[in-house]
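With the sequence shown counted from 1, adding 376 to any position gets you my numbering.
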Amino acid sequence: MKTKDVLVSYWRMPVVLRLFAAASAMIVLFGALMRLIEPETFRTVFDGIWWAIVTAATIGYGDIVPKTVAGKLAAIVLIALGTGIITAYFASISAAAASRETALTSGELPYTERGHVIIVGWNERTREVLLRLAQRGSPLRFVLIDATVPSHPLPNVPVHFIKGSAHDDAVLEKANIGHAQFVLITADPHKAEEDADKDTIVTLLAAKSLNPSVYTIVEILTARNVQNAFRAGADEVIQTNLLAGTAMAASLRSPGIAGAIERMLGRFGEQTLRLLAPDERQIGQPFAAVQQQLFEQNITLLGVVRGDNGNLSVLPQRPIKESDRLFVFVP
C-alpha cells in the first residue's frame, strides 16, 4: 500500500482511533529508542515500552529510569509530546462516551440489534407494559418510538428510546424495523379517537411496508376501524374501549367485578394469561379432561380458541384439536 493511501486511511479514521494509533506508535518508537540509547538500563525493547507508557502517562514508577544525558533528553521529548497525546486520547474517549449517552437519552442513537420489540407511543399503557415486563425479567428487548417526550421517559429501565414520528420511514429504520420481531402500536391519547385510529393505521402501513413479516399488534379505539386495521396488515387488534366497556358493564351488573378482572390479568399478582398449543396427549381429549390435567399442574384452563374460526369454546365434552390453542391462566 502506498504511503499516500496509508495517510488517507489514517485521516479517515475516527479521532479516538487516530489518537490511539499515534500514542501506540510513539510509545513503541521511544521504547525501541531507549533500548538503543541505554542497552544496559533497558535490557529489552519491552522494558523500553513499559518505561515509555508510565512516563507518557505521568505515572513514573521509577523502577526503570534513564541514566545518560541522551536518555534524559529523550525522556523530556517523550513527556512533552506524550502527555498531550495521551491526555487528548482519554479526553476523546470521555467526550465520545458523553456524546453517546446524550444521543441515547435524547433518542438520536440508532438501534442495531435484532429480534426486538418496537413500541410506538408513550402513554400510561406503554409505561405499564414496560415496567411489568421489566419486573418479571422478560428476555424481550424493547425500542420505544415517540415524538412527544423531550427525552428518555424511563432511563432506569432497559429500553432503547428513538425520538420521532413512527409515520416517518427514517425513524422506523433508526429503530431497525427490518429486524424487529414485534411491533406494538398504541393509540395517541392526545387526539380524538377517530384521528388516533387513523394515525395508528398509517403507522401500521409504514411498518408493514418496511418489514412485511413483522408481527404487529395495534390498539384501536373505535369498532368501525377494526377491519381497516386488519386490512392494513395488523396481525392482532386490541380494542381498548371494548375491553373497558365490558368491564364497566360487568361491574354495573355485579359490583366489584372490575377488581377481580384486574387481578386475573395479573395487575397484582405473578400469574398471566397465555395461549398454549396442546400436546399430543391432550389432542382428542374432551375439554373437561384437559382442564383437570392442567389444574393438577397449577394451570387453569379458561377456554379453547378454535383454530378454524378463532372463537372461544368452553364446552366440557368438545374434544381438543391439534389446531386449537389453550387459553390458560398460569403462575
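Ideal Cβ positions, reconstructed from N, Cα and C, are used throughout, including at glycine. This one's a predicted model, so the numbers in the text were calculated from it and none came from an experiment.
Measuring straight from C-alpha to C-alpha, what distance separates V441 and Q557? Walking along the sequence shown from the start, residue 441 turns up at place 65. Walking along the sequence shown from the start, residue 557 turns up at place 181. Taking the straight line joining both Cα atoms gives about 60 angstroms.
May I ask you to report which of helix, strand or coil DSSP gives K567? If you number the sequence shown from 1, residue 567 lands on position 191. Three-state DSSP puts K567 in coil, outside helix and strand.
When the Cα of L581 is compared with those of V559, T598, R629, E570, which residue comes out closest? If you number the sequence shown from 1, residue 581 lands on position 205. Ranking the options by Cα distance to L581, first place goes to V559.
Whole-angstrom C-beta distance between T616 and A563, which should lie under 8 angstroms: To locate residue 563, count along the sequence shown from 1; it is residue 187. To locate residue 616, count along the sequence shown from 1; it is residue 240. The Cβ separation is near 7 angstroms, so the contact holds.
With a threshold of 16 other CB atoms inside 10 Å of the CB of K550, please say whether the residue is buried or exposed. Walking along the sequence shown from the start, residue 550 turns up at place 174. Buried, since its Cβ has 16 or more Cβ neighbours within 10 Å.
What is the DSSP secondary structure of R629, counted as helix, strand or coil? Against the sequence shown, residue 629 aligns to sequence position 253. It is helical.
Terminal residues of the beta strand (DSSP E) in which L677 lies: Sequence index remark: in the sequence shown, residue 677 carries index 301 (1-based). Its beta strand (DSSP E) spans residues 676-681.
Between the Cα of Q511 and those of F466, T676, V533, V493, spot the shortest distance and give me the residue it belongs to. For the purposes of this step, residue 511 is taken as the residue at position 135 of the sequence shown. The option with the nearest alpha carbon to Q511 is V533.
Roughly how many whole angstroms lie between the Cα atoms of I696 and G660? As a first step, residue 696 must be located in the sequence shown, where it is residue number 320. As a first step, residue 660 must be located in the sequence shown, where it is residue number 284. When rounded, the distance between both Cα atoms is 5 angstroms.
What residue does the alpha helix (DSSP H) around F418 start on, and which one ends it? Translated into positions along the sequence shown, residue 418 becomes position 42. F418 -> no alpha helix (DSSP H), and no H or E assigned at all.
Report the residue ranges of all alpha helix (DSSP H) runs contained in full by the stretch 413-454; include only those spanning at least 4 residues, in chain order. 421-432
Cα-Cα separation, N587 to I553: Indexing the sequence shown from 1 puts residue 587 at position 211. Indexing the sequence shown from 1 puts residue 553 at position 177. Approximately 7 angstroms between the Cα atoms of the pair.
Can you name the residues that DSSP bridges to P662? The residue you call residue 662 lines up with position 286 of the sequence shown. Beta-bridge pairing links P662 to P695.
Euclidean distance between Cα positions of L649 and I637: If you number the sequence shown from 1, residue 649 lands on position 273. If you number the sequence shown from 1, residue 637 lands on position 261. Approximately 12 angstroms between the Cα atoms of the pair.
Going by other Cβ atoms of all chains shown within 10 Å of its Cβ, with 16 needed for buried, is I413 buried or exposed? Residue 413 sits at position 37 when you count from the first residue of the sequence shown. Buried.
For R639 and I614, the rounded distance between their alpha carbons: If you number the sequence shown from 1, residue 614 lands on position 238. If you number the sequence shown from 1, residue 639 lands on position 263. One C-alpha to the other measures close to 19 angstroms.
Helix, strand or coil for H555 per DSSP? Here residue 555 refers to the residue found at position 179 when the sequence shown is read from its first residue. Helix.
Can you tell me whether V680 is buried or exposed? The criterion is at least 16 other CB atoms within 10 Å of its CB, across all chains shown. In the sequence shown, residue 680 corresponds to position 304, counting from 1. Counting Cβ neighbours within 10 Å, V680 comes out buried, since at least 16 surround it.
I need the DSSP call for Y487, collapsed to helix, strand or coil. Within the sequence shown, the letter at position 111 stands for residue 487. Of the three classes helix, strand and coil, the one that applies to Y487 here is coil, per DSSP.
Please check the pair T420 and L454, which I expect to be a contact at CB under 8 angstroms, by giving their CB distance rounded to whole angstroms. For this step, residue 420 is matched to residue 44 along the sequence shown. For this step, residue 454 is matched to residue 78 along the sequence shown. Contact flag wrong, Cβ pair sits at about 18 angstroms.
Going by C-alpha to C-alpha distance, which of L457, V519, L678, A471 sits closest to A398? Along the sequence shown, read from residue 1 onward, the residue named residue 398 stands at position 22. With distances taken between Cα atoms, A398 lies closest to L457.
Between the CA atoms of I521 and V578 - distance to the nearest angstrom: Numbered from its first residue, the sequence shown carries residue 578 at position 202. Numbered from its first residue, the sequence shown carries residue 521 at position 145. When rounded, the distance between both Cα atoms is 15 angstroms.
Exposure label - K371; buried when at least 16 CB within 10 Å: No information on residue 371 is available, as it lies outside the stretch 377 to 707 that the chain covers here.
Closest Cα partner of E698 within the set D655, E595, T592, P662: In the sequence shown, the residue the question calls residue 698 occupies position 322. The option with the nearest alpha carbon to E698 is D655.
Taking its Cβ as the centre, do 16 or more other Cβ atoms sit within 10 Å of A599, making it buried, or is it exposed? Here residue 599 refers to the residue found at position 223 of the sequence shown. Flag for A599 reads exposed.
Looking at the secondary structure, which residues open and close the alpha helix (DSSP H) in which R508 lies? Counted from its first residue, the sequence shown places residue 508 at position 132. 500-511 is the span of the alpha helix (DSSP H), which, as asked, contains R508.
State yes or no: is the C-beta of V594 within less than 7 angstroms of the C-beta of T576? Looking up residue 594 in the sequence shown gives position 218. Looking up residue 576 in the sequence shown gives position 200. In this structure, T576 lies closer than 7 angstroms to V594 by Cβ.
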